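Structure first, then comments.
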Amino acid sequence: MTDCAHDRNFKTMLEVKGVTKEYGGRITALSNVSFELEKGEMAFLTGASGAGKSTLLRLIFREEFPTSGEISLGPYNLAELPGNRIPDLRRHLGYVFQDFRLISERTAYENVALSLEVAGKSTRHIRKRVDEVMQQVGVWQRRKSYPRQLSGGEAQRVALARAIANEPLLLLADEPTGNLDMKNSRDLFELFCKLNLQGATVIVATHQVAMASEFGKRILHLEDGALKQDSK
Amino acid sequence: MRYLLKTIAEIRRAAHHQPLSIFGTIITILLAMLLPGIFWLAANNMTAVEKRLKANMTVDVFLVDDISQAGIEKLRGELLTLEGVSDITFYSKRDALFRIRESFGQSIIQDLDDNPLPASFSLTVDDTILEPEAADSLVAHLSALDQVEEVVFAREILYRFSSITGSIKRFGIVITVLVIFSGIFISANTVRVAITDRREVVEIMQVVGASRPYILTPFVLLGGLLGLIGAALSSLALWLIAGYVSRNLAELQFLSLHEIIVFILTGLLLGMLGAILATRRYLKV
Ligand SMILES: Nc1ncnc2c1ncn2[C@@H]1O[C@H](COP(=O)(O)OP(=O)(O)O)[C@@H](O)[C@H]1O
Ligand SMILES: [Mg+2]
Chain A
47 MTDCAHDRNF
57 KTMLEVKGVT
67 KEYGGRITAL
77 SNVSFELEKG
87 EMAFLTGASG
97 AGKSTLLRLI
107 FREEFPTSGE
117 ISLGPYNLAE
127 LPGNRIPDLR
137 RHLGYVFQDF
147 RLISERTAYE
157 NVALSLEVAG
167 KSTRHIRKRV
177 DEVMQQVGVW
187 QRRKSYPRQL
197 SGGEAQRVAL
207 ARAIANEPLL
217 LLADEPTGNL
227 DMKNSRDLFE
237 LFCKLNLQGA
247 TVIVATHQVA
257 MASEFGKRIL
267 HLEDGALKQD
277 SK
Chain B
2 MRYLLKTIAE
12 IRRAAHHQPL
22 SIFGTIITIL
32 LAMLLPGIFW
42 LAANNMTAVE
52 KRLKANMTVD
62 VFLVDDISQA
72 GIEKLRGELL
82 TLEGVSDITF
92 YSKRDALFRI
102 RESFGQSIIQ
112 DLDDNPLPAS
122 FSLTVDDTIL
132 EPEAADSLVA
142 HLSALDQVEE
152 VVFAREILYR
162 FSSITGSIKR
172 FGIVITVLVI
182 FSGIFISANT
192 VRVAITDRRE
202 VVEIMQVVGA
212 SRPYILTPFV
222 LLGGLLGLIG
232 AALSSLALWL
242 IAGYVSRNLA
252 ELQFLSLHEI
262 IVFILTGLLL
272 GMLGAILATR
282 RYLKV
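As given, the protein sequences belong to chains A and B, one line each in that order. If you count by our numbering, then the first sequence holds residues 47 to 278, one letter each, in order. If you count by our numbering, then the second sequence holds residues 2 to 286, one letter each, in order.
Next up, the structure:
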């Protein structure tokens, strides 16, 4: 496979085909899940706790393999992706966690810069790009603060800035509002929608089904590992 | 450049977070490497002494008392044709007396009217003759010659010396292997602790797509640095010990610059190897 990650002339960004994931042969976390996500599209992945949302995101992130079925992301067919290309894949994915996962001894600015450093970008490019994305998510004023000095909402925005800094093919978020209050949660979802309007392809996993449906985006609803509803 | 800064930061952090473990590792490597260092030093000096001993090794061929001048010349001719004999010196009966007096003082044998000491040829021989079999056959050959009374080749001391040197070298190699293994193990352990300490950061690095080398290089360099410092301090300690022995016991020659570099590089390598081992076991990306 050639590295055509920068060739963004594909319409389907994510293709999940008949994916089943079993743990130890007894627990079926996902069963026969199929859907496609187009470039520039945004979907909420909803479902109760234990429905399989995190599992699906982990499969897309290539932390684990599906028991059966196939996943492809832009130019990458995950089943064929050799282990040493995983870092390359992840530089083309943005990931936001419930618990932020910021490095505590680095400032907000340095945390965002990390994903660009890792991708081997020049110092000049990094400086420019970090300023840009921090402004985009509204935490530029907090760039010199350390994670412990940030509110939950701010910390998650910093994590989001880090996730989008490399202009990922797909932005994944796993319960990004899990540690936030209602107001902050709604603001954050709105921010995801705004990024989507600006062109990002996004999947946000959340158990807050009601709130997710307020935004008029596509809803992929999981129940016990099966895709029960696709609003598309 | 950024790599280097990252590494320095990582090492400073490790030194800050686990000073005892870092300090202990360096001291342990220092002490552990002292042992093979001492063996190396000993083997080197023994070999040097052995070489000098070999260079001074002679075969003394004592002649019958009534040998004629013509007989002496004829024998000299024969000896010169022998394989492995590089030089010949003749000592007359008078010379023999002088030599004995030089060694043991004037008084000895002074009162004797008649000189009882025999004339002799002293043969300087090549290394090939110093091999036991070659030596035996040379002695046998010389003893069988006419006009030769006795042949003395005091090679036992050389053999004993060589065998001691050989034992020291073999034992040194075993010790060296053991020390290298334990050094690798120690470094691996320390680096593992350092990585565990940085578990959170390492995971975040993986999430943002850092490659294995990008994440692990600082840790491998940390291990290498521990080995390097340990070995450097160890060679310094070795130098102090050699100096002390030279002043108080016997003149020792220290390792050559070249050997010191090998010694320190060994430390560097075993430190890095341990670190690589630790990272391999730790990170599955
Ligand atoms: N590593 C694992 N080993 C065993 N079972 C797992 C593992 N990960 C998830 N599961 C199970 O898979 C199901 C789906 O979990 P998860 O994807 O975390 O759900 P969600 O994120 O929607 O809450 C759950 O029953 C969970 O216990
Ligand atoms: Mg989950």
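Each residue gets a CB set at the ideal place from its N, CA and C atoms; glycine is no exception. This one's a predicted model, so the numbers in the text were calculated from it and none came from an experiment.
In the three-state scheme derived from DSSP, where H, G and I count as helix and E and B as strand, B:V208 is classed as helix. Any heavy atom of ligand 1 within less than 6 angstroms of a residue's beta carbon puts that residue on the list, which reads A:Y69, A:I73, A:A75, A:G93, A:S95, A:G96, A:A97, A:G98, A:K99, A:S100, A:T101. Note that the C-beta distance between A:L160 and B:V209 is below 8 angstroms. In this structure, A:F81 and A:L273 form a Cβ contact; the two beta carbons are roughly 7 angstroms apart against a cut-off of 8 angstroms. Cβ proximity to chain B below 8 angstroms picks out L160, S161, E163, V164, A165 from the segment 154 to 165 of chain A. Look at B:E132 here: in three-state DSSP terms it is coil, with no helix or strand label. When Cβ-Cβ separations below 8 angstroms define contact, B:I12 makes no contact with chain A. At a cut-off of 8 angstroms between beta carbons, A:Y141 contacts chain B.
In terms of Cβ geometry, A:S231 and A:P193 do not form a close pair [threshold 8 angstroms]. Look at A:R264: its C-beta is not under 8 angstroms from any C-beta on chain B.
For the segment 188 to 204 of chain B, the beta-carbon criterion of a distance under 8 angstroms to any beta-carbon of chain A is satisfied by E201, V202, E204. Between the C-alpha atoms of A:A258 and A:F235 there is a straight-line separation of about 8 angstroms. The C-alpha of A:Y155 lies about 29 angstroms from the C-alpha of B:P20. For A:D145, the Cβ stays outside the 7 angstroms cut-off from all heavy atoms of ligand 2.
By the Cβ rule, the segment 198 to 215 of chain B does not count as touching the segment 64 to 72 of chain B, because fewer than three pairs are nearer than 8 angstroms. Only residues of its own chain outside the window of five on either side were considered, and among them T166 have a CB closer than 8 angstroms to the CB of B:T48, listed in chain order.
Short of 7 angstroms from the beta carbon of A:A125, and not among the five residues preceding or following it, lie these beta carbons of its own chain, in chain order: E116. Among the residues of the segment 216 to 234 of chain A, none has a Cβ less than 8 angstroms away from any Cβ of chain B. Within 7 angstroms of the C-beta of A:D276 there is not a single heavy atom belonging to ligand 2. Annotation: Cβ neighbours of A:R136 in chain B (cutoff 8 angstroms, chain order): Q207, V208, V209, G210. Residue environment analysis places A:E200 among the buried positions, since at least 16 neighbouring C-beta atoms fall within 10 angstroms of its C-beta.
In the DSSP assignment, B:Y160 falls within the alpha helix (DSSP H) that extends over 157 to 198.
Interface with chain A (8 angstroms Cβ-Cβ cutoff): B:Y215 is included.
Buried is the label assigned to A:D220, since at least 16 other Cβ atoms lie within 10 Å of its Cβ.
Beyond the five residues adjoining it in sequence on each side, A:S277 comes within less than 7 angstroms, by CB distance, of R264, I265 in the same chain, given in chain order. The criterion of a C-beta distance shorter than 8 angstroms is satisfied by B:G85 and B:A135.
When C-beta distances to chain B are compared with 8 angstroms, every residue of the segment 239 to 251 of chain A stays at or above that value. Take the alpha-carbon of B:R77 and the one of B:S123: they are about 11 angstroms apart. One Cα belongs to B:Y4, the other to B:S163, and the distance between them is close to 51 angstroms. Proximity of A:P112 to chain B, defined by a Cβ-Cβ separation below 8 angstroms, is not satisfied.
For ligand 2, a non-hydrogen atom lies closer than 7 angstroms to the CB of A:D220. DSSP places B:Y92 within a strand segment (E or B) once states are collapsed to three.
Using a Cβ distance threshold of 8 angstroms, A:L268 and A:K99 count as a contacting pair.
With contacts defined as CB atoms closer than 8 angstroms, A:L162 and A:V185 fail to qualify as a contacting pair.
Contact between B:L234 and B:I12 is absent: CB atoms are separated by about 17 angstroms, not below the 8 angstroms threshold. By the CB criterion at 8 angstroms, A:S95 and A:G271 fall outside the cutoff.
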